[in-house]
Amino acid sequence: MFPLYVTCVQLWLSCAASKEIRVAVLVPITGTFQVGDGIRPVIKAAFDDVNNDENLLVGVNLTYTVQNSACDPVRAVGITADLMQSSASVDAYIGPGCSIACLSAGLLAQYWNKPIISFSCSSLDLQDRDKYSTFARTQPFSRTYSESTPLILYQIMRRFKWRRAAILAEDDGLTSIWAPIANNVLNYFKSSNLTISYYNVYKVMDDLETQYRDAKKLLEETQKHARVIFILAHRNEVARLLLIAKELGMLDGDFAFVTLDFYISESLRTYLAKKTWSLSWEKMLEIFEGLITLSVKKPNGLELQNITKWLNRGLQDMPVFQNLTAVAAKTAPYLYDAVLLYAHALNRTLSQRGNISNGTTVFKNMVTKTRLFTGMSGPVKIDEKGNRVPHFVFENIHKSSGSALLELDSNGTVIRRFNVRPVWPGGSTKIPDDEPECVFDDSCKDSDEHMEDWLIVVIVVSSFVVVLVPISYLFHRRKMYEKDLLNDAWIIDFSQITLGTVDNRFASKVIKSLNSRQSVQTECVGDGKPFLSNVGRYKGELVAIKRLHMDSVHLTRDILIEMKKVRDMVHTNLNPYIGVCIASPNVSIISHYCYRGSLEEILANQNIKLDWFFRASFAQDIAMGLWVLHASPVHVHGHLRSSKCLIDSRWVCKVSDYGLGLLKIGQRAHEISEHAKYRKLFWTAPEHLCEDAIPRCSQAGDTYSYGIILSELLSREEPYSSHCVDPKDIIDQVRKCLVPPFRPDLPSEIRDNEGIIHLMQTCWDNDPSMRPAFSEIKSKLKSLNCGKNANIVDNMIRMMEDYTNQLENLVDERTMQLAEEKAKTDELLYKMLPKPIAEDLKLGRSVTAESFSSVTIYFSDIVGFTSIAAQCTPLQVVHFLNDLYTCFDNVIDSHDVYKVETIGDAYMVVSGLPVRNDNKHAGEIATMALNLLSSTRDFTIQHMPNKRLQLRIGIHTGPCVAGVVGLKMPRYCLFGDTVNYASRMESSGLALRIHLSPECKVALDQLGGFHLEERGPVSIKGKGTITTHFLNGKDGFTKPLPDLCEAAPLTEHEFK
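Heads up: the sequence shown is residues 71 to 1126, going by this note's numbering.
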């Protein structure tokens, strides 16, 4: 079936696109950007490949004409118009090759609504969808991606740990591409807490002398403020500024220059040769040495050599065209892919039955979220602005060629780092210092100027101050330090701790549940008193007890110094130590108890609703605590995990278990499973996972751990929970430092939080030098929060308001659910008892038996039921009766009757109670009986389809008593002779007949309209011989009744 469908589609496409598609290829064969005739082989190859591809444009043939656009806007728009107005008008344009031509030709293509695909234009204005809605381009330029450029340039600042820079941008008129990029870079760098000490968007004058004077003044001012200089300008302007920078001595290794899309080529050489200010080509190459340039990833040198050879072979078949240029070799892959891009978009348009003459429709089919195809220049994917989505690369120009340093994607994420040692201007390999000491600091200069005025006074006074006072001060300080060092107030007697007294008033549900479990899991310490293993009360305060697996501790001077370091640390986001117990067997560390438990427990408890503001507050608290810790003598945490981050009663997150490394040394090995052992390493940086790693911890390692905690905060899941792999295998993967790194996955629904995700990814970078310090993390978190510190109190007030609204909605929802369940219960109750009786019972009223002067009772059973049942299994009998009574129940719903009960094959119905209906009860029962008898005509026994069902029906009218009997499974029952009489009428009746008593006949006669037939005298048990009647129908009753010829003989009746 599928091959047939494909064939039909191909036939339809062939018929739909039987006409020839004409394409105009606009190439700058001459002009400033001269590609030359050497590009013609790639044009021919591209169209031949499309036309010969059996899976592409079935039944469609692309033809082309090559025109010289000459990088001239007037010529380009003229050719574009002529080609459209000619008798053989074109359907699409490939080209032109330069921006000024694209800007004019693209407007006309928009007017004609024809697709236009360039292979080289770089102007930012071409992204304007209002003016160029049918324009796309296959060659990417880094300057084209003004939104991505700041993120990517930021990575070079991070790569060399620069924090200060200057930005120079060329303003080249209304269509300037550099000024918008410079403004975006300025804003992004400032938001990332980088210092832009000098910023200038300048114009280049026509007069050469003015150009030189302005450029020299520009660079002189720049070198006063920065050593890292971003030059956002065309290649020739970059070359001119570097030449003047050499005159000013700025190319001696102290300055770094970064630019965009700079590459050394024959066209640049030709251009510079025409400039009077330029030096020889060899001298200019020396000036370019050490330049850092950002460009999109393009075919490399070897690939270009192969393309050049391929073009030369193609030109052998074109003897008229032999001038192959280097520009042609670089442009060829993108021109080839432009033709393929149009072919694939046209193919998608045809498959969707779209209008191939509509340029907007064809353009929309170029835009994809994934790779559309792989061309000569690599994978091709086009975004909504018509730009190709590229990879970027930073290159260091050395010996006239570029050496790759970093490869990045369009989001600024580093994909690959190259093991290349960069060379800087002047040939130096030392990274330029972005902020040398006392170069940009005015206070240093002011101090030098005034030094001579008060130098003598300082010398005289300092001779006393420097010698006497410091010595006295240091002696006093040393004495106080030794006294504080030997202070035993920090040594706690374990007997002073009351164990196991946890106050749950402020505790979260998690902690309450933990405490309830811990109260059972007790340990015995000292004199055998039971206690909670990690909670106690000391001097009225609740404390946490961390037991050390050792028998005793010898307090050396180094341990005392270490204890003093942590004792002196006081900060809101550091959980304070209270003291240590050193007496055997209760060697332990005592710290402040946090009521709400650890961050790991809070995140794992899905009953605790934490919006992102809460979790961002936790992230900022942890960053603040580690910033203080890294700046302290403790210097590093070393084993940071989410279980080490505790939440107090005010929802403040505190970093715990820091320092005291010497005190913890020498503990007995604690037996844990391999799974738990490797799970603890989830937060450990790759460089510390090796067994021979020295040191075993670092500040960069803490940053890595913080990145893993950020992933927990984002997902509220354990790290690597989405990887169905053992912890040991996960650690092995992390230790390998794969590219991209093996890290926890994040759910797709949170990937819109790009700022925090980018911070997390930089924190867990494989390269420790690329991880940010906590001062930078703190600033980044503040900028992500729009410059505000997370205020947990304001957020809690907002959450309480939301919770109030949520409770109101929840109450409404639960009330509605209760009403629905009550309705279901009532419906079930009404099926068991009459509604008035059920209502009385619900209200607690007693239900007394009630007499009814006249009711009509119906009985029926199945003729031959015993023999039918003997041929069936019990389950088949149940299914048979259920089908039958379901049919009957549907029939009686349309009558004023009450179903009393079913016993086996017997079916009992009454009318006239519990709600009286005057004398209508006999008519209701009679009409119901006719309907029931008619329904059996079409009833089929599922397991005996050939067996016809035959009813025997009896009806009697008379008085009776009704009431509820029993407490368990109460039943509404009827009592009196009328019940027995009606049963006798049924048992003495005939198959397929409705047998009426004389009293019922009288009641029906009073109502009128019923068709009765006298049966004659019949002997009834307990009644003697009476004259009975059969009911055959009624006026207006048109439903068919069973044929009496099919009635079972008396021998098959089972009289009861």
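C-beta atoms are modelled at their ideal positions from N, C-alpha and C, and glycine is treated no differently.
Here the structure is a predicted model, which is why all the values come from computation and not from measurement.
For TRP682, the closest alpha carbon among the candidates ASP963, LEU851, LEU416, TYR215 is that of LEU851. MET1014 carries a strand assignment under DSSP once its states are collapsed to helix, strand and coil. With a cut-off of 8 Å on Cβ pairs, the region 362-369 is in contact with the region 465-472, counting three or more such pairs. Around the Cβ of LEU945, a 10 Å sphere holds fewer than 16 other Cβ atoms; the residue is exposed. A direct Cα-Cα distance of roughly 12 Å separates ASP503 from MET227. Around the Cβ of VAL650, a 10 Å sphere holds 16 or more other Cβ atoms; the residue is buried.
Looking only at ARG305, ILE314, ALA343, the smallest Cα-Cα distance to THR329 is reached by ARG305.
When only Cα atoms are considered, MET830 and VAL613 end up about 33 Å apart. The beta carbon of LEU342 sits closer than 8 Å to the beta carbons of ASN306, ALA309, SER348, TRP351, MET354 from its chain, once the five residues preceding and following it are set aside; these are given in chain order. Boundaries around VAL432 are those of the alpha helix (DSSP H), 429-434, since no beta strand (DSSP E) includes it. Note that the C-beta distance between ILE826 and LEU780 is below 8 Å. When rounded, the separation of the alpha-carbon atoms in GLY610 and CYS767 is 36 Å. If one requires a minimum length of 4 residues, the alpha helix (DSSP H) runs lying completely within the region 170-248 are 219-229, in chain order.
Look at the beta carbons and you see the region 1030-1044 touching the region 916-926: at least three pairs across the two are nearer than 8 Å. Counting only residues of its own chain and dropping the five nearest sequence neighbours on each side, CYS168 has a CB closer than 7 Å to the CB of PRO98, PHE103, CYS141, SER190, CYS191.
Boundaries of the alpha helix (DSSP H) around PRO906: 905-912. A straight line joining the alpha-carbon of SER1089 with that of ALA999 spans about 23 Å. For the pair VAL437 and ILE452, the CB atoms are nearer than the 8 Å cut-off. In the DSSP assignment, PRO1087 is bridged to THR1097. DSSP, read as helix, strand or coil, puts VAL1049 in helix. DSSP, reduced to helix, strand and coil, places VAL657 outside both helices and strands of the structure shown, so it counts as coil. As a beta-bridge residue in DSSP terms, LYS724 pairs with LEU716. LEU478 carries a strand assignment under DSSP once its states are collapsed to helix, strand and coil. Where ILE164 is concerned, the enclosing beta strand (DSSP E) starts and stops at 162-164. The region 257-269 makes contact with the region 227-238; the number of CB pairs closer than 8 Å reaches 3 or more. ARG310: member of the alpha helix (DSSP H) spanning 305-317, first to last residue. If you compare the alpha carbons of SER668, PRO646, ALA693, SER622 with that of GLY736, the shortest gap goes to SER622. Burial of TYR790 is indicated by the presence of at least 16 other C-beta atoms within 10 angstroms of its C-beta. If you draw a straight line from the Cα of PHE488 to the Cα of ILE801, it is about 25 Å long. For the pair LYS201 and LEU221, the CB atoms are not nearer than the 8 Å cut-off. For THR568, the three-state secondary structure derived from DSSP is strand. For MET978, the enclosing beta strand (DSSP E) begins and ends at 976-981. By the 16-neighbour rule on beta-carbons within 10 angstroms, PHE958 is buried.
Under DSSP, GLN281 takes part in no beta bridge, so it has no partner. A contact between stretches requires three or more CB pairs, one per stretch, nearer than 8 Å, and the region 1044-1063 meets this requirement with the region 928-943.
For ALA415, the closest C-alpha among the options VAL970, THR204, CYS172 is that of THR204.
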